[in-house]
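Q: Below you will find the structure I want to go over with you.
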Amino acid sequence: MNVKLVLHNNLKKVRADQKLSQAKLAEKVGVSRQTISNIETGEFVPTARLALLLCLALDKKFEDLFYF
1 MNVKLVLHNN LKKVRADQKL SQAKLAEKVG VSRQTISNIE TGEFVPTARL
51 ALLLCLALDK KFEDLFYF
């Protein structure tokens with residue numbers, strides 16, 4: 001059985017709740033604003049390292065930002 005799991009996220013909501021722009025969050029984690037946009041829309045799945053940096057920057061647990 002071949003099951004494909006898709007990683008979804010709450011990044012846009014959490015970022016907006018903290019009143020952070022995509023550009024500001026991108027600056028905090030060392031990526032481009034476009035990368036943040038692509039993660040929020042599901043076009044790009046972050047690496048484990050980037051996911052951890054996002055969690056640290058937003059002071060959230062992994063499961064608060066990402067889900068299957």
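Note that full-length UniProt numbering has the sequence shown beginning at 1, numbered continuously upward. We put the beta carbon where it would ideally sit given N, CA and C, even for glycine.
Under 6 Å Cβ to Cβ from ARG33, same chain only, skipping five residues before and after it: list those, please.
A: Taken in chain order, the residues that qualify are GLN22, ALA23, ALA26.
Q: Return the residue from the list VAL45, LEU58, CYS55 that minimises the CA-CA distance to PHE68.
A: VAL45
Q: Grab me the residues of LEU65's own chain with a C-beta within less than 8 Å of its C-beta, minus the 5 sequence neighbours each way, in chain order.
A: ASN9, ASN10, LEU11, VAL14, ALA51, LEU54, CYS55, LEU58
Q: Can you give me the Cβ contacts of ASN38 inside the same chain, cut-off strictly under 6 Å, excluding the 5 residues immediately before and after it?
A: Taken in chain order, the residues that qualify are PHE44.
Q: Going residue by residue through the UniProt domain "HTH cro/C1-type" (11-65), where are the continuous alpha helix (DSSP H) segments of at least 4 residues, counting only ones entirely within it?
A: 11-17, 22-29, 33-40, 48-58, 62-65
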